[in-house]
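*Asks:* Right, I'll just put the structure down here and ask away after.
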Ligand SMILES: [Zn+2]
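Numbering (the working numbering), first residue to last: 15 to 258.
Okay, here's the thing in structure tokens:
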């Protein structure tokens, strides 16, 4: 992806992928500057302009979904127009659209099976992760011909297990479903490690741990990204993926 836009571009075979930052857009504070979400209180024209900036960088129209922290996956129909759906993951074999997932602390998870030509983008916060959004995403990819052991994954900038503090009961409930999420904050209180949970959930679906790239900053610690924990009125950045 050729880009003047500040972004992190994970290497996924068969795809071009990026995680946008706060930089490069037109929104005013506290949405400065590359806010991609309409539901957060930002000026709608600014969001439209920001989405066009990202689409221009990616070189294809972006498909967004109305995200509700569910495990619902939307498989893009081929071919034809794409309606805005309520879902928390997008899967396609199409090469004329880029898939976009918005986050600010939740995980933007991008997936690709180069041999099958199937890509996906998922929104995985605590509720969606525990509800099985990643397992459902892999299952939908398999329906289109992907094989779990070939799938490469990037788990983008998100709250880390040393920052994502939760009540003890919430930590216990989460760990009952995904034991690897149990964590402690750097100040010693109960926490959830979403990324460890993603590796465990993807592993249950047959994705190899060595195919999962977790090397991205913590949104709560790094001001280059929007963080809902740091400021509840804020924007959303995106994980974006298209076929190569
Ligand atoms: Zn952190």
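Using N, Cα and C, we set each Cβ at its ideal position, and we do this for glycine too.
Decide if the region 101 to 108 is in contact with the region 136 to 148; the criterion is three or more beta carbon pairs, one per stretch, under 8 angstroms apart.
*Replies:* Taking 8 angstroms as the limit for Cβ pairs, the verdict is that the region 136 to 148 does touch the region 101 to 108.
*Asks:* Does the distance from the C-beta atom of residue 225 to that of residue 180 stay below 8 angstroms?
*Replies:* Within the chain shown, residue 225 is the residue found at index 211, counting from 1. Within the chain shown, residue 180 is the residue found at index 166, counting from 1. Not closer than 8 angstroms, so no.
*Asks:* If you draw a straight line from the C-alpha of residue 52 to the C-alpha of residue 253, how long is it?
*Replies:* Looking up residue 52 in the chain shown gives position 38. Looking up residue 253 in the chain shown gives position 239. One C-alpha to the other measures close to 16 angstroms.
*Asks:* Please say whether residue 119 and residue 209 have beta carbons closer to each other than 8 angstroms?
*Replies:* For the purposes of this step, residue 209 is taken as the residue at position 195 of the chain shown. For the purposes of this step, residue 119 is taken as the residue at position 105 of the chain shown. Cβ atoms of residue 209 and residue 119: not closer than 8 angstroms.
*Asks:* CA-CA distance, residue 95 and residue 229?
*Replies:* The sequence position of residue 95 within the chain shown is 81, counting from 1. The sequence position of residue 229 within the chain shown is 215, counting from 1. Their backbone Cα atoms lie some 35 angstroms apart in a straight line.
*Asks:* Tell me which residues share the same chain as residue 74 and place their Cβ nearer than 7 angstroms to its Cβ, disregarding the 5 neighbours each side in the sequence.
*Replies:* Position 60 of the chain shown, counted from the first residue, corresponds to residue 74. Closer than 7 angstroms at Cβ, skipping near neighbours: 110, 111, 112 and 256.
*Asks:* Can you pull every residue whose C-beta falls closer than 7 angstroms to some heavy atom of ligand 1, listed in chain order?
*Replies:* Result (chain order): 173, 174, 176, 177, 232, 234 and 235.
*Asks:* Which residues in the same chain have their Cβ closer than 7 angstroms to the Cβ of residue 76, if we skip the five residues on either side of it in sequence?
*Replies:* By 1-based counting over the chain shown, the position of residue 76 is 62. Once the five neighbours on either side are set aside, the close Cβ partners of residue 76 are 65, 68, 69, 112, 114 and 254.
*Asks:* Rounded to a whole number of angstroms, what is the C-alpha to C-alpha distance between residue 82 and residue 146?
*Replies:* As a position in the chain shown, residue 82 is number 68, starting the count at 1. As a position in the chain shown, residue 146 is number 132, starting the count at 1. The straight-line gap from Cα to Cα measures roughly 14 angstroms.
*Asks:* Cα separation between residue 23 and residue 33?
*Replies:* By one-based count along the chain shown, residue 23 stands at place 9. By one-based count along the chain shown, residue 33 stands at place 19. Those two C-alpha atoms are separated by around 6 angstroms.
*Asks:* DSSP state of residue 99, grouped into three classes?
*Replies:* For the purposes of this step, residue 99 is identified with residue 85 of the chain shown, where counting begins at 1. Three-state DSSP puts residue 99 in coil, outside helix and strand.
*Asks:* At which residues does the beta strand (DSSP E) containing residue 124 begin and terminate?
*Replies:* Here residue 124 refers to the residue found at position 110 when the chain shown is read from its first residue. Per DSSP, residue 124 belongs to the beta strand (DSSP E) from 121 to 127.
*Asks:* Which term fits residue 164, buried or exposed, when burial requires 16 or more other beta carbons within 10 angstroms of its beta carbon?
*Replies:* Residue 164 sits at position 150 when you count from the first residue of the chain shown. Per the 10 Å Cβ criterion, buried.
*Asks:* Candidates 128, 171, 176 and 71: which alpha carbon is nearest residue 155's?
*Replies:* Here the question's residue 155 lines up with position 141 in the chain shown. It is 128.
*Asks:* Work out the CA separation of residue 219 and residue 153 for me, nearest whole Å.
*Replies:* On the chain shown, residue 153 is found 139 positions in, with the first residue counted as 1. On the chain shown, residue 219 is found 205 positions in, with the first residue counted as 1. Straight-line Cα distance between these residues: approximately 8 angstroms.
*Asks:* Might you give, ordered along the chain, the residues of its own chain that have their beta carbon closer than 8 angstroms to the beta carbon of residue 232, omitting 5 neighbours on each side?
*Replies:* Within the chain shown, numbered from 1, the residue matching residue 232 stands at position 218. These residues qualify, in order along the chain: 171, 172, 173, 174, 176 and 177.
*Asks:* Determine the burial state of residue 211: buried for a count of at least 16 other Cβ atoms within 10 Å of its Cβ, exposed for fewer.
*Replies:* Translated into the one-based positions of the chain shown, residue 211 becomes position 197. Flag for residue 211 reads buried.
*Asks:* Applying the criterion that 16 or more other CB atoms from any shown protein chain within 10 Å of the CB defines a buried residue, is residue 284 buried or exposed?
*Replies:* Here the chain covers residues 15 to 258 and nothing more, so residue 284 does not appear.
*Asks:* With residue 115 as the anchor, note down where its alpha helix (DSSP H) starts and where it stops.
*Replies:* On the chain shown, position 101 is the one that residue 115 refers to. Looking at the DSSP string, residue 115 is not in any alpha helix (DSSP H); the run it does join, the beta strand (DSSP E), is 112 to 117.
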